[in-house]
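> So the sequence lines, in the order shown, correspond to chains A and B. Those letters in the first sequence? Residues 1 to 102, by my numbering. Those letters in the second sequence? Residues 103 to 629, by my numbering. Quick one: the structure is below, and I'll ask about it shortly.
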Amino acid sequence: MALTEQDIARLAQLASLQMDSADLAQARSDFAAILSLIETLQSVDTQGVEPMAHPLEARQAITLRLQEDRADPPHTQAELDACLRNAPAAHDGLFLVPTVIE
Amino acid sequence: MPPPPTTVCFSFPPSLNDTMTQPTDYPSIAALGKALRDRRVSALELATDALQAVHNGPDPHLFLHVDDALTLAQARAADALLAQGKAGPLAGIPIAHKDLFVTRGWRTTAASRMLADYVSPFDATVVERLEQAGTVSLGKLSCDEFAMGSGNENSAFGALQNPHDPDRVPGGSSGGSAAAVAAGLVLGTTGTDSGGSVRQPAAYCGVSGIKPTYGTVSRYGVIAYASSLDQAGPLARSAADLVPLLDTMSGFDIQDSTSLETCNGVANAPGRITAAYDHCRGLFGSGGGQPLAGLRIGVPREFFGAGLATAVADAIEAALRVFESLGARRVDISLPLTRLAIPAYYVIAPAEASSNLARFDGVHFGYRTPQYQDLPDMIRRSRSEALGPEVRKRILVGTYVLSHGYYDAYYLQAQRVRRMVANDYRQALDQACDVIMGPVTPNVARRRGDHDHDPIADWLGDIYTLGANLAGLPALSIPCGLGGPAKHLPIGLQIIGRHFDEGRLLALADCFQQHTDWHQHTPRHVA
Chain A
1 MALTEQDIAR
11 LAQLASLQMD
21 SADLAQARSD
31 FAAILSLIET
41 LQSVDTQGVE
51 PMAHPLEARQ
61 AITLRLQEDR
71 ADPPHTQAEL
81 DACLRNAPAA
91 HDGLFLVPTV
101 IE
Chain B
103 MPPPPTTVCF
113 SFPPSLNDTM
123 TQPTDYPSIA
133 ALGKALRDRR
143 VSALELATDA
153 LQAVHNGPDP
163 HLFLHVDDAL
173 TLAQARAADA
183 LLAQGKAGPL
193 AGIPIAHKDL
203 FVTRGWRTTA
213 ASRMLADYVS
223 PFDATVVERL
233 EQAGTVSLGK
243 LSCDEFAMGS
253 GNENSAFGAL
263 QNPHDPDRVP
273 GGSSGGSAAA
283 VAAGLVLGTT
293 GTDSGGSVRQ
303 PAAYCGVSGI
313 KPTYGTVSRY
323 GVIAYASSLD
333 QAGPLARSAA
343 DLVPLLDTMS
353 GFDIQDSTSL
363 ETCNGVANAP
373 GRITAAYDHC
383 RGLFGSGGGQ
393 PLAGLRIGVP
403 REFFGAGLAT
413 AVADAIEAAL
423 RVFESLGARR
433 VDISLPLTRL
443 AIPAYYVIAP
453 AEASSNLARF
463 DGVHFGYRTP
473 QYQDLPDMIR
483 RSRSEALGPE
493 VRKRILVGTY
503 VLSHGYYDAY
513 YLQAQRVRRM
523 VANDYRQALD
533 QACDVIMGPV
543 TPNVARRRGD
553 HDHDPIADWL
563 GDIYTLGANL
573 AGLPALSIPC
583 GLGGPAKHLP
593 IGLQIIGRHF
603 DEGRLLALAD
613 CFQQHTDWHQ
623 HTPRHVA
């Protein structure tokens, strides 16, 4: 099944990617090759096979741990600075974003 | 800033040969470790010379960040450990990290413009464990952007050369990690392997590399690509050198929700792999001239079909004959879904990647576009300007296979095929054989730029490595021959084992390397 440029534009929107018309044309051509590869999966009879999400679940029971909810001690200023140093825009210990609600 | 050099002061006996400070002048990590513990050479001397070699290196894109002061501070810490007699096998050993592992001090970019200036507030668990063991990091190594690629050509900061031939790719995504070892700049590197990204560059660069069992090495602080497939592993000059590196890297970590507490009832902790390795080597030693008597090597016929270069097939065949001469027996096996592992992987991995990479939104960290209209526009522009074409392609594929109407047909179907692939491996390893051997790659390293216009050519080359990731099995690559037009390009042998069988795989690889010298063909020895 081939995707149209409209389909690709919809995917780009879902993925928060901006694509111009050259990007869309390139992606459409890439998708043709990629879909011809991944559509070969349909040739496998998987009736009765459970999907496998964790590579070791066929071998041993997997319990994904969740860490306990806890109140950590407040971060030091140095720790906060180390995090905020990577922010594209920050002010007074806050991440700055464009206005969302007027 | 590190303390000034005068705060730690040792005097070392004059070396018999004053030029012996390059790490590769020592045949192994064990030999260099002994020289360090005997204080015939200091970590600081080694680090100083290694930094100089890095700065003078032939490939300006190999390291993405070098900081002499940070490296020398680690060297002084290693010398302090050595002076106190507390040094383990890795104290003072020069290493370097794939730029997918976050590091305090050194920038961590994942070879992406998105993270060009990112400095992590914490160290990855692997980085921390290696530092505590006294290793000295020379810096951060280039890779494919967010570990997506097979040639290191997807780095935003310049493609890399294969040290055996500058016109060829070093492989990927841990291409820098393989090239740095092959170039003799460090004795070990960290890599990550989601679909072959340790084994394939190891094969292309003629070094040894292992992807351990999923869940044995912490993913904490490894920038996520495909979380159910990502697994870190070391690269080095020999299997014997991989042992202390992997042993130190391994172990349960509460910070990684898929980290395993036990491996077949044995605690997942440092010492596990070394003990298994030593145990296996002991068994081999009792076999006399047939150290591997009783070993059944499964050879999957699907690994030798159309598409496999003759030179690779011949090298693997010769390697199998070496194992047979040591007493092992060859068993013909079938892994019928080998080819279908490719589409299964290229559905699952992009799906997980599209989710993992949603965090790059230009808000908390990373690149933000200078011009935008509102928040959604800012996010779209930031992502599109800073993520490279392969990354954007995989995000789109992942978004597609997870989208309404296609989730069952592609994503769940791929996960079902994944279970069937894992079952095939399990059946072979439970019933027919003890290990599986075959090629790592269909061919030797390709020329740079060869696959620029084909969106899936590189993907098809992952055919022999993907199965171990889908099934979570340990697998390694060791050099076993040379190919290419001038017989100068390394070929890798892959050994895949049962879950948690890293120690045996490394012992088998070491046994092979005791009887062959392919792993000693460094680039400068090749015409």
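Cβ atoms here follow ideal geometry from the backbone N, Cα and C, with glycine treated the same way.
Within 10 angstroms of its Cβ, does Ile356/B collect 16 or more other Cβ (buried), or is it exposed?
exposed
> Just to confirm my understanding: we take Phe112/B, look at its own chain, exclude 5 residues before and 5 after, and list those with CB closer than 7 Å. What are they?
With a pLDDT of only 35 at Phe112/B, under the threshold of 50, the placement of this residue in the model should not be trusted; the figure read from the coordinates follows. Closer than 7 Å at the Cβ level, and outside the excluded window around Phe112/B, lie Ser144, Asp181 and Ala185.
> What residue range is occupied by the uninterrupted beta strand (DSSP E) comprising Ile565/B?
Note, Ile565/B: premise wrong, no beta strand (DSSP E); not H, not E.
> Are there three or more Cβ pairs, one per stretch, closer than 8 Å when the stretch 46-61 of chain A is compared with the stretch 505-525 of chain B?
yes
> Closer than 7 Å by C-beta to Met539/B: which residues in its own chain qualify, once you throw out the five before and the five after it? Chain order, please.
Ile399, Val401, Leu422, Leu595, Gln596 and Ile597
> Are Gly159/B and Ala285/B closer than 8 Å when you measure CB to CB?
yes
> On the CB-based measure, 16 or more other CB atoms within 10 Å of its CB, does Thr183/A come out buried or exposed?
With chain A represented from 1 up to 102, any question about residue 183/A goes unanswered, as that position is not in the structure.
> Check the DSSP bridge columns for Asn264/B and list the partner residues they point to.
Asp267/B
> By the three-class DSSP mapping on this structure, what secondary structure does Ser352/B have?
For Ser352/B, the three-state secondary structure derived from DSSP is strand.
> Tell me the DSSP secondary structure of Ile444/B in three-state form.
helix
> Going along the chain, which residues of its own chain have a beta-carbon closer than 6 Å to the beta-carbon of Ala559/B, five neighbours each way excluded?
His553
> Under 8 Å between C-beta atoms, does Gly464/B make it to chain A?
yes
> Looking at Leu344/B: is its Cβ nearer than 8 Å to the Cβ of Ile312/B?
Contact flag set, yes.
> Determine the closest residue to Asn545/B out of Gly187/B, Pro303/B and Val221/B, with distance taken between C-alpha atoms.
Of Gly187/B, Pro303/B and Val221/B, the residue nearest in Cα terms is Pro303/B.
> Is there a C-beta anywhere in chain B that falls below 8 Å from the one on Asp104/A?
A query on residue 104/A cannot be resolved here, the shown segment of chain A reaching from 1 to 102 and no further.
> DSSP state of Asp619/B, grouped into three classes?
coil
> From Ser484/B, Asn254/B, Phe405/B and Gly241/B, pick the residue whose C-alpha is nearest to that of Gln176/B; which is it?
Gly241/B
> Near Met19/A, what residues of its chain come up, given a Cβ to Cβ distance below 6 Å and the 5 sequence neighbours on each side ignored?
Take Met19/A, set aside five residues on each side of it, and the residues of its chain with a beta-carbon closer than 6 Å to its own are Ala12, in chain order.
> Does the Cβ of Pro625/B have 16 or more other Cβ atoms within 10 Å, making it buried, or fewer, making it exposed?
buried
> Would you say Lys200/B and Gly278/B are within 8 Å of each other, going by their C-beta atoms?
yes
> Determine the direct distance from the alpha carbon of Arg549/B to that of Gly407/B, and round the result to whole angstroms.
So the two alpha carbons sit approximately 23 Å from each other.
> So Ser334/B and Ile593/B are supposed to be a Cβ contact under 8 Å. How far apart are they, rounded?
For the record, residue 334/B in the displayed sequence is Ala; it is not Ser. Not really, about 25 Å apart at Cβ, beyond 8 Å.
> Hey, which unbroken runs of the alpha helix (DSSP H) at 4 residues or more fall wholly within the stretch 8-82 of chain A?
Listed in chain order, they are 21-38.
> Buried or exposed for His381/B, please, with buried defined as at least 16 other CB atoms from any protein chain shown within 10 angstroms of its CB.
exposed
> At least one CB of chain A closer than 8 Å to the CB of His167/B: is that the case?
no
> For a contact meaning CB atoms closer than 9 Å, what does Met539/B contact in chain A?
Result: empty, since nearest Cβ-Cβ is about 21 Å, beyond 9 Å.
> Is the CB of Val97/A under 8 Å away from at least one CB in chain B?
yes
> Counting C-beta neighbours from all protein chains within 10 Å, is the total for His91/A 16 or more, i.e. buried, or is it exposed?
exposed
> For Asp169/B and Arg178/B, I'd like the C-alpha separation in whole angstroms.
15 Å
> Going by the CB atoms, is the gap between Gly236/B and Ala189/B shorter than 8 Å?
For Ala189/B and Gly236/B, yes; Cβs fall inside 8 Å.
> Excluding the 5 residues preceding and the 5 following Ala87/A in the sequence, name in chain order all residues of the same chain whose CB lies nearer than 6 Å to its CB.
Phe95
> Return yes when the Cβ of Val309/B is within less than 8 Å of the Cβ of Ala338/B, no when it is not.
Going by beta carbons, Ala338/B and Val309/B fall inside the 8 Å limit.
> Report yes if the C-beta distance between Glu492/B and Tyr469/B is below 8 Å; otherwise report no.
no
> From the beta carbon of Arg461/B, is the nearest beta carbon of chain A less than 8 Å away?
no
> What's the call for Ala453/B, buried or exposed, on a 16-neighbour Cβ count within 10 Å?
buried
> Given this structure, state the Cα-to-Cα distance separating Leu148/B from Tyr128/B, to the nearest angstrom.
11 Å
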